[in-house]
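Residues in the sequence shown are numbered consecutively from 1, following the UniProt record's numbering.
For glycine and all other residues, C-beta sits at the position ideal for the given N, C-alpha and C.
Note that this is a predicted model, so its numbers are computed, not measured.
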Amino acid sequence: MACGPQEDQVNQITPPGHKEERQTLDPDHGATLHLEEGLTLDPGPWTNPASGGGSNPGPGGWTNPASGGGSNPGPGVWPNLPQDGGSNSGPGWSNPPRGGGSYPSPGGWSGGPTAPSGPRKDMRVPYTDNLINGVYDKLLITITGTIKPNPQKFTVDLCKGRDIALHFNPRFNENGRQVIVRNTFNGGRWGQEERELQRFPFVGGQQFEMKILCTSSEYKVAVNGSHLLSYRHRITDLRSITGLGIYYDLNLTDVKMETLH
1 MACGPQEDQV NQITPPGHKE ERQTLDPDHG ATLHLEEGLT LDPGPWTNPA SGGGSNPGPG
61 GWTNPASGGG SNPGPGVWPN LPQDGGSNSG PGWSNPPRGG GSYPSPGGWS GGPTAPSGPR
121 KDMRVPYTDN LINGVYDKLL ITITGTIKPN PQKFTVDLCK GRDIALHFNP RFNENGRQVI
181 VRNTFNGGRW GQEERELQRF PFVGGQQFEM KILCTSSEYK VAVNGSHLLS YRHRITDLRS
241 ITGLGIYYDL NLTDVKMETL H
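Written out as structure tokens, the structure is:
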């Protein structure tokens, strides 16, 4: 069963003045993805992030993983940046190593239990999965794959039944622009889009690794080892968000859920 509303229903209930595409929508809000103090992440193999597209500095001097065979810097590449005018504490995330290496474990991070997502599923797109325990603070979802050549868009949805708590929708050519739309579909209506961003990290034909970290107040998204954006919860009953859907112009390698401690 598809996550969220069907395509025809989305089109029928688009609010006036709301710029909608053929299935789902999204908006944008910048913020910081970093481990909060005391959290740990189970070290494990990471897939290689996309290369060959050059590096794009992120806000506050964050850098994307090196391309063209270069090495990635170690711990501290993701500094603690101000979020919503405040300061963040806790260790930064380092970029994942290239060449099939394992994720470093600065500060003695230890492995924690993972949130099971059932038996291994077919990774073909459209891809849907059940979040058995719903969404909760410190849930980390890691999506790895490859963008198809000449893509138009892809979508990642976190759903509560037919509602969509997080709609993440990169569009590769919307009137000549690359944009990542984020939004929420709740009670038969789309909310206000967020779409302003400093960079667009996805490249047609290239691999990517996307991480979604759920906190008690927002989702934090990183791509290829670099923080991209944050999106505050609009559906706050997190445990009722039990569906994951991934659609359109990408091939999936893996989808993993785990719990940070």
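| Asked | Found |
| --- | --- |
| Beta-carbon contacts of Asn150 that lie in its chain and below 7 Å, excluding the five residues immediately before and after | Gly204 |
| Helix, strand or coil at Ser240 according to DSSP, with G and I counted as helix | helix |
| Supposed close pair Asn143, Phe202 - CB separation, criterion 8 Å | In the sequence on display, residue 143 carries Ile and not Asn. Not quite, the Cβ-Cβ distance comes to about 12 Å (not below 8 Å), so this is no contact. |
| Integer-rounded CB distance, given that Glu194 should sit under 8 Å from Arg182 | 5 Å |
| Cβ shell of residue 311 (< 6 Å), same chain only, five flanking positions each side left out | Coverage of the chain is limited to positions 1 through 261, which leaves residue 311 absent and any answer about it impossible. |
| Option in Cys3, Lys153, Gly134 and Asn133 with minimal Cα separation from Asp249 | Lys153 |
| Run of the beta strand (DSSP E) containing Glu196, from where it starts to where it stops | From DSSP, Glu196 is part of no beta strand (DSSP E); its letter is neither H nor E. |
| Within 7 Å, strictly: CB atoms of Ala165 and Ile246 | no |
| Pro149, DSSP secondary structure in three states | coil |
| Where the beta strand (DSSP E) containing His227 begins and where it ends | Ser226 to Arg232 |
| Three-way DSSP call (helix, strand, coil) for Pro126 in this model | coil |
| Per DSSP, cross-strand counterpart(s) of His167 | Asp157 and Asn183 |
| Through-space distance from Gly176 to Lys220, alpha-carbon basis | 27 Å |
| Whether Phe172 touches Val156 by CB criterion (7 Å) | no |
| Cβ separation of Leu197 and Ile180, assumed to be a contact under 8 Å, to the nearest whole Å | 6 Å |
| Buried versus exposed, by CB contacts within 10 Å (16 or more), Gly188 | exposed |
| Rounded separation between Ser230 and Asn186 - CA only | 19 Å |
| Proximal residues to Ser252 (C-beta, below 8 Å), its chain only, five neighbours per side dropped | Just to set this straight, residue 252 is Leu in the shown sequence, not Ser. These residues qualify, in order along the chain: Met123, Arg124, Val125, Tyr127, Ile143, Thr144, Gly145 and Ile246. |
| Per-residue burial, Asp237 [other beta carbons within 10 Å of its own, 16 or more giving buried] | exposed |
| Selection from Leu140, Asp254, Gly191 and Gly161 that minimises the alpha carbon distance to Cys3 | Gly161 |
| For His233 and Gly191, the rounded distance between their alpha carbons | 12 Å |
| Rounded C-alpha distance that separates Arg239 from Ile141 | 15 Å |
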